[in-house]
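Structure first, commentary second.
Numbering (our numbering), first residue to last: 52 to 477.
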């Protein structure tokens, strides 16, 4: 029995690690898509992409090993952050403020993923994919105007996001159902995202073969779209120019000069050549950025200083991946759950709840998504079909059950409790 429980725990850890890893990769892809707006091709390939790739290589093993507490995670991540920051400054040439901002975003996303409950169900939301599509398509339109990035980079990010959406969902579903499902059932439940992944891989190969044709078609469509937008915006600009013409000459010239301030210094040819890979800021701009970063850090510290997570006590304390949030909200949720069950009119539901609490104390908890029959069969306990039928009748509502059947059910529950107590792991 102890060996079976250990196998279940290993499978649960694998499912948890798979969920968090896929989520983190999705965050990295979304962040890379956003960075295409603010970087050139050389700075993206030579700075941002290596920095985030190195961050993934260093943080994924941290997730796979398991974290027992938020304090331990913060200490380890601080060491990783110092290494990444020094690498960015001395080898990648990233501005110090952009390195700090990226590290802050990484800490926020990783800690958020690690705080989630062990038995949470992961499905990459449609909202994430909608945001990813909007950002990548907007970036492509932006590059058609300013030509800072290659269209191949945007296409690569787009296809990678689609493959991660389908392939990641496939991996997570297989890992989630590995605890209490047969292999054939797991493959069948994840068949659709697997086929979608194969189709996307084929689509990527086709796009790579006819990239010039696709690029020309997209340029033609985007050119027509911007022509329509310019046609609609032109009357507005004419109206603004007419209103400016009614103002005094000095005031009109001042308003027209907004957005075109004179440069405070002359730009040399060396700076122009290096501007494709670096962002030049005056000293007062860097001071303002430092103040902004400091304000963000102070806000986050004050907001989350009393929150965190620690490893759970009891039979669930294994591998360091089972965690819960220490907050008043979690305590209220537990109290409301207890009140809901204790106030139930059905004696059958109250008995099953007591049975689950007893099983949890004995280390044979009911798994997430596992039916009552699957749970008892996994423990080697056989019950009549009438036992499960009575429970299903009152599971989602109060239905009248005869007193003799209720008494029989309560007696059966007592027998199950005795069997579970005897199965307590050593």
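Beta carbons are placed, not taken as given, at the ideal position from N, Cα and C, and that holds for glycine.
In this text, all values refer to a predicted model and were calculated from it rather than measured experimentally.
Since residue i is in the alpha helix (DSSP H), which residue starts that stretch and which ends it?
| i | result |
| --- | --- |
| residue 112 | 100 to 116 |
| residue 473 | 454 to 473 |
| residue 445 | 436 to 445 |
| residue 421 | First-last for residue 421: undefined, no H or E at that position. |
How would you label residue i, buried or exposed, when you count the other beta carbons within 10 angstroms and need 16 or more for buried?
| i | result |
| --- | --- |
| residue 144 | exposed |
| residue 129 | exposed |
| residue 455 | exposed |
| residue 104 | exposed |
| residue 204 | buried |
| residue 403 | buried |
| residue 181 | exposed |
| residue 87 | buried |
| residue 451 | exposed |
| residue 215 | buried |
| residue 466 | exposed |
| residue 462 | exposed |
| residue 405 | exposed |
| residue 185 | exposed |
| residue 178 | exposed |
| residue 471 | buried |
| residue 368 | Residue confidence for residue 368 is low, a pLDDT of 34 falling below 50, so the modelled location carries little weight; the figure read from the coordinates is stated next. Per the 10 Å Cβ criterion, exposed. |
| residue 323 | Only weak support is given to the placement of residue 323: the predicted model assigns it a pLDDT of 47, under 50, and the value that follows is read from those uncertain coordinates. Under this definition residue 323 is an exposed residue. |
| residue 80 | buried |
| residue 408 | exposed |
| residue 372 | Summary for residue 372: the model assigns pLDDT 31, below 50, so the residue's position carries little reliability; its value from the coordinates is reported in the next sentence. That one is buried. |
| residue 93 | exposed |
| residue 435 | exposed |
| residue 84 | buried |
| residue 196 | exposed |
| residue 163 | exposed |
| residue 473 | exposed |
| residue 123 | exposed |
| residue 66 | buried |
| residue 116 | exposed |
| residue 8 | For the chain, the structure presents residues 52 to 477; residue 8 sits outside this window and is missing. |
| residue 140 | exposed |
| residue 126 | exposed |
Using the three-state DSSP reduction, which class does residue i fall into: helix, strand or coil?
| i | result |
| --- | --- |
| residue 200 | coil |
| residue 87 | coil |
| residue 406 | helix |
| residue 328 | The pLDDT assigned to residue 328 is 45, lower than 50, so where the model puts this residue is not dependable; a value taken from the coordinates is nonetheless given after this. Three-state result, residue 328: coil. |
| residue 125 | helix |
| residue 140 | helix |
| residue 431 | coil |
| residue 67 | helix |
| residue 145 | coil |
| residue 150 | helix |
| residue 415 | coil |
| residue 221 | helix |
| residue 451 | coil |
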